[in-house]
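Written below as structure tokens is the structure these notes are about.
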Amino acid sequence: MFHRFTKNIDKIVALFSLLVILLSLYLIYTLYLSSKQKEILQSLDNALLLTKNMLDEEKSHALSLSLMLSEDELLIKYYRNKKRRKVFELINSKIKSLQQMQGYSVDVQLHDAKIYSYVRSWDYNTTGIPLATFREGIVMVKETKKPLVSIEVGKRLNIKAISPILYHGKYIGSIEVIEGFRHLREKLAQQGYAFFILLNKRYLSIATSLKKHPFVGHEYVLVNNFYDKSSFERLRQSRFENLGKYGYFGTGRYAFGYFAIYNLHNECLGYCIVALKNENAKTLCSYKENAKTEENTQSKVIIR
Numbered sequence: 042m043f044h045r046f047t048k049n050i051d052k053i054v055a056l057f058s059l060l061v062i063l064l065s066l067y068l069i070y071t072l073y074l075s076s077k078q079k080e081i082l083q084s085l086d087n088a089l090l091l092t093k094n095m096l097d098e099e100k101s102h103a104l105s106l107s108l109m110l111s112e113d114e115l116l117i118k119y120y121r122n123k124k125r126r127k128v129f130e131l132i133n134s135k136i137k138s139l140q141q142m143q144g145y146s147v148d149v150q151l152h153d154a155k156i157y158s159y160v161r162s163w164d165y166n167t168t169g170i171p172l173a174t175f176r177e178g179i180v181m182v183k184e185t186k187k188p189l190v191s192i193e194v195g196k197r198l199n200i201k202a203i204s205p206i207l208y209h210g211k212y213i214g215s216i217e218v219i220e221g222f223r224h225l226r227e228k229l230a231q232q233g234y235a236f237f238i239l240l241n242k243r244y245l246s247i248a249t250s251l252k253k254h255p256f257v258g259h260e261y262v263l264v265n266n267f268y269d270k271s272s273f274e275r276l277r278q279s280r281f282e283n284l285g286k287y288g289y290f291g292t293g294r295y296a297f298g299y300f301a302i303y304n305l306h307n308e309c310l311g312y313c314i315v316a317l318k319n320e321n322a323k324t325l326c327s328y329k330e331n332a333k334t335e336e337n338t339q340s341k342v343i344i345r
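Quick note: the sequence shown uses my numbering, first residue 42, plus one each step.
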């Protein structure tokens, strides 16, 4: 009887010890996953902060160039004297110098006082196109006489920095520097991040040059001309129905962080997304933030 009781106690102790070991292993594994997830989140937070800072730098660069051109005395002279060919040649000579010195590739467009296209750096023959109905940024610059930089939809989605051309305080037109996201993508790639810009498909009626670009989910089209194909294929397998203002998610071996981009009416245009290759990305729980965006308006420059 005592022997049987002792034997049962031994079994209970053995079973209890096994449960303790299993529980300990589970806790260790859980802590390991938690630690890995924290590492991924820290990396994504760093990547998103870096992306936002770089994007602000790109906007500041475009704005500085726009302001410089709007105050160029020779350009204003040619424009006022209706020497359109001279304006075209001067603008392109400055763009060429910028590419050689800084590696930036930009387009420049000059608009007249009635908000019609006057000169395009990439197309001399096209002129006199009315822009007011779909280029609200140019209208705002005319009304406020203040420079403006934003991410705006035209035939493409670009950073657009617009400055008024003033002559003795009178608005006589505006000049616009158009900058894509290639420079930003390349700088992020140097840091080990893939970068994607997504535009909501409802803007394709304006952004006609993107109609043949690949879709991501049912709602978004890829703006990039060049991108990392491996992380993009994983991105396309993700769900996009419930994205917030800011967040992250993981799929396969890639972790993704994102933040929304907005137009001048505070409407969501789409998303900036960074991708990070990480073997533990599939453990990452999705997160989104739905806080309202804040207007970012300054007294001398409007930034969106």
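Virtual Cβ for every residue (Gly too), placed ideally from N, Cα, C.
Classification of serine 138 by the beta-carbon crowding that lies within 10 angstroms, buried from 16 upward | exposed
Smallest Cα separation from glycine 261: which of Lys318, Arg277, Gly210 and Gln143?
-> The residue you asked about is not glycine; residue 261 is tyrosine in the sequence shown. Closest option to tyrosine 261, Cα to Cα, is Arg277.
How would you call phenylalanine 256, buried or exposed, if buried means at least 16 neighbouring beta carbons within 10 angstroms?
-> exposed
Start and end of the beta strand (DSSP E) containing serine 215?
-> 211-220
Rounded to whole angstroms, how far is the Cβ of isoleucine 302 from the Cβ of glycine 311, which I believe are closer than 8 Å?
-> 6 Å
Thinking just about the alpha-carbon of each residue, which of Val149, Gly144, Arg121 and Glu114 is nearest to the one in phenylalanine 129?
-> Val149
Taking the C-alpha atoms as reference points, what is the distance between leucine 251 and alanine 173?
-> 21 Å
Which residues does DSSP pair with proline 205 in a beta bridge?
-> Ser215
So glutamate 193 is in the beta strand (DSSP E); what residue range does that whole segment cover?
-> 189-194
Drop a sphere of 10 angstroms on the beta-carbon of alanine 316, count the other beta-carbons inside from all chains shown, and report buried for 16 or more, exposed for fewer.
-> buried
Report back the beta-carbon spacing between leucine 151 and tyrosine 120 to the nearest angstrom; my notes put them in contact at under 8 Å.
-> 7 Å
Can you tell me where the alpha helix (DSSP H) with serine 134 in it begins and where it stops?
-> 125-143
Can you have a look at arginine 275 and say buried or exposed, based on whether 16 or more other CB atoms are within 10 angstroms of its CB?
-> buried
Asparagine 122 to leucine 116, Cα distance in whole Å?
-> 10 Å
What is the DSSP secondary structure of glutamine 232, reduced to helix, strand or coil?
-> coil
Could you name the residues of the same chain whose beta carbon sits closer than 7 Å to that of leucine 225, not counting the 5 residues immediately before and after it, in chain order?
-> Met95, Leu96, Glu99 and Phe236
Inspect the beta-carbon positions of tyrosine 268 and valine 194 and report whether they are closer than 8 Å.
-> no
Can you grab the Cα-Cα spacing for the pair valine 147 / glutamate 220, in whole Å?
-> 5 Å
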